[in-house]
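Q:
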Amino acid sequence: GENVEQHPSTLSVQEGDSAVIKCTYSDSASNYFPWYKQELGKGPQLIIDIRSNVGEKKDQRIAVTLNKTAKHFSLHITETQPEDSAVYFCAASTGTNAGKSTFGDGTTLTVKP
Amino acid sequence: DVKVTQSSRYLVKRTGEKVFLECVQDMDHENMFWYRQDPGLGLRLIYFSYDVKMKEKGDIPEGYSVSREKKERFSLILESASTNQTSMYLCASTKLGSVLAGYNEQFFGPGTRLTVL
Numbered sequence: 029g030e031n032v033e034q035h036p037s038t039l040s041v042q043e044g045d046s047a048v049i050k051c052t053y054s055d056s057a058s059n060y061f062p063w064y065k066q067e068l069g070k071g072p073q074l075i076i077d078i079r080s081n082v083g084e085k086k087d088q089r090i091a092v093t094l095n096k097t098a099k100h101f102s103l104h105i106t107e108t109q110p111e112d113s114a115v116y117f118c119a120a121s122t123g124t125n126a127g128k129s130t131f132g133d134g135t136t137l138t139v140k141p
Numbered sequence: 513d514v515k516v517t518q519s520s521r522y523l524v525k526r527t528g529e530k531v532f533l534e535c536v537q538d539m540d541h542e543n544m545f546w547y548r549q550d551p552g553l554g555l556r557l558i559y560f561s562y563d564v565k566m567k568e569k570g571d572i573p574e575g576y577s578v579s580r581e582k583k584e585r586f587s588l589i590l591e592s593a594s595t596n597q598t599s600m601y602l603c604a605s606t607k608l609g610s611v612l613a614g615y616n617e618q619f620f621g622p623g624t625r626l627t628v629l
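Sequence lines, in order, name chains A and L. First residue of the first sequence: 29, per my numbering; consecutive thereafter. First residue of the second sequence: 513, per my numbering; consecutive thereafter.
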């Protein structure tokens, strides 16, 4: 089955700096790569996603890049703000099997004011 | 807005009790999932369902069962709770049409923090 590895497990940055979280996947059939943000006391929520036919996608301060050859994808957050502090999960999916996704172990991001 | 609700935010049970965790979604999603979340272990899939009365085991089904009698409701059952089932339980749903289109965003509930004493 699919295996997703996520690094780092914790990340601390100063407000205004950039943050990068990296994930690798094992199944070359995976074609959908979402990123979820989980704030304290809440369930994860999708913040950005990318499909395998695209190399990069950007939404304001958030961007995701995908390297299919190397089987890795990354989340980039620029100009970080304290409200970006949360747990971030990457995931990979083949688009079959009821939409089942395999998640990384999560990254706890702390943005210090 | 899609809404996924879970019956309890916090639950305390004793070892050996039968525990029911309920999840309801209001957007007519075909697929529903139960995960447990533990520090450093991410989200691990327990069971999922792609239709009423249909279920499939996820990665860690031992000690759990599920029920999907209605499309909007997916229940997780701990037949005999044990202390190692103390965890955060998250329910999620996704729409079949989105899956077929290649975008299977999962919508999560707020979670139930279960403590087994």
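All C-beta atoms in this analysis are idealised placements derived from N, C-alpha and C, irrespective of residue type, glycine included.
1. Whole angstroms are fine: how far does the CA of L:E591 sit from the CA of A:E43?
2. Counting only the same chain and skipping the five closest in sequence on each side, list residues whose C-beta sits under 7 Å from that of L:S520.
3. Start and end of the beta strand (DSSP E) containing A:S80?
4. Would you report the Cα separation of L:E529 and A:S102, rounded to the nearest angstrom?
5. Determine the chain L residues that contact A:S129 at a beta-carbon separation under 8 Å, and present them in chain order.
6. For L:V516, count neighbouring C-beta atoms within 10 Å of its own C-beta (all shown protein chains included) and say buried if the count is 16 or more, exposed if not.
7. Less than 6 Å between C-beta atoms, sequence neighbours within five positions excluded: which residues of the same chain meet that for A:A130?
8. Does any residue of chain L have a CB that is nearer than 8 Å to the CB of A:G44?
9. Please report the Cβ distance between L:F545 and L:Q597, rounded to the nearest whole angstrom; I am assuming they are in contact, meaning their Cβ atoms lie under 8 Å.
10. Is L:N543 buried or exposed, if buried means 16 or more other CB atoms sit within 10 Å of its CB?
11. Can you give the beta carbon distance from A:G123 to A:N59, rounded, assuming they're within the 8 Å contact cut?
12. Enumerate in chain order the residues of its own chain whose CB-to-CB distance from L:T627 is below 6 Å, with the five nearest sequence positions on each side excluded.
13. Thinking C-beta only, is L:L602 closer than 8 Å to A:G83?
14. Give a yes or no on whether 8 Å exceeds the smallest Cβ distance from L:F560 to chain A.
15. If contact is defined by three or more beta carbon pairs under 8 Å, each pair taking one atom from either stretch, is the stretch 545 to 559 of chain L in contact with the stretch 577 to 589 of chain L?
16. Write down the C-beta distance between A:V139 and A:P110 rounded to the nearest angstrom, noting that I regard them as a contact closer than 8 Å.
17. Under DSSP, the beta strand (DSSP E) around A:T130 begins and ends at which residues?
18. Roughly how many angstroms lie between the CA atoms of L:A613 and A:A57, to the nearest whole one?
19. So the candidates are L:D563, L:Y559, L:I572; which of them puts its Cα closest to the Cα of L:V578?
20. So which residues on chain L does A:K70 lean against when the C-beta distance must stay under 9 Å?
A: Let me spell this out:
1. Translated into positions along the first sequence, residue 43 of chain A becomes position 15. Translated into positions along the second sequence, residue 591 of chain L becomes position 79. So the two alpha carbons sit approximately 47 Å from each other.
2. Here residue 520 of chain L refers to the residue found at position 8 when the second sequence is read from its first residue. Hits under 7 Å: T624.
3. One-based indexing of the first sequence puts residue 80 of chain A at position 52. Premise fails: A:S80 is in no beta strand (DSSP E) and is neither H nor E.
4. The sequence position of residue 529 of chain L within the second sequence is 17, counting from 1. The sequence position of residue 102 of chain A within the first sequence is 74, counting from 1. Their Cα atoms are separated by approximately 43 Å.
5. Mapped onto the first sequence, residue 129 of chain A falls at position 101. Under the 8 Å cutoff, chain L gives N616, Q618.
6. Mapped onto the second sequence, residue 516 of chain L falls at position 4. It counts as buried.
7. Position 102 of the first sequence, counted from the start, is the residue given in the question as residue 130 of chain A. This sequence places Thr at residue 130 of chain A; Ala is not what is there. Here the set comprises E30, V32, A120.
8. Numbered from its first residue, the first sequence carries residue 44 of chain A at position 16. Closer than 8 Å: no.
9. Numbered from its first residue, the second sequence carries residue 545 of chain L at position 33. Numbered from its first residue, the second sequence carries residue 597 of chain L at position 85. With a Cβ gap of about 17 Å, L:F545 and L:Q597 do not count as contacting.
10. Position 31 of the second sequence, counting from 1, holds the residue named residue 543 of chain L. Its Cβ being crowded by 16 or more others within 10 Å, L:N543 is buried.
11. Counted from its first residue, the first sequence places residue 123 of chain A at position 95. Counted from its first residue, the first sequence places residue 59 of chain A at position 31. About 6 Å separates the two Cβ atoms, so the contact holds.
12. As a position in the second sequence, residue 627 of chain L is number 115, starting the count at 1. Here the set comprises V524, T598.
13. Against the first sequence, residue 83 of chain A aligns to sequence position 55. Against the second sequence, residue 602 of chain L aligns to sequence position 90. Cβ atoms of A:G83 and L:L602: not closer than 8 Å.
14. For the purposes of this step, residue 560 of chain L is taken as residue 48 along the second sequence, with counting starting at 1. Cβ-Cβ to chain A under 8 Å: yes for L:F560.
15. yes
16. Counting from one through the first sequence, the residue named residue 139 of chain A turns up at place 111. Counting from one through the first sequence, the residue named residue 110 of chain A turns up at place 82. Right, the Cβ-Cβ distance comes to about 5 Å (below 8 Å), so this counts as a contact.
17. Translated into the one-based positions of the first sequence, residue 130 of chain A becomes position 102. Run containing A:T130: 129 to 131, per the beta strand (DSSP E) assignment.
18. On the second sequence, residue 613 of chain L is found 101 positions in, with the first residue counted as 1. On the first sequence, residue 57 of chain A is found 29 positions in, with the first residue counted as 1. So the alpha carbons of these two residues sit roughly 15 Å apart.
19. Taking the second sequence and counting its residues from 1, one reaches residue 578 of chain L at position 66. Closest by alpha carbon: L:Y559.
20. Along the first sequence, one-based indexing puts residue 70 of chain A at 42. Residues of chain L passing the Cβ test: F620, P622, G623.
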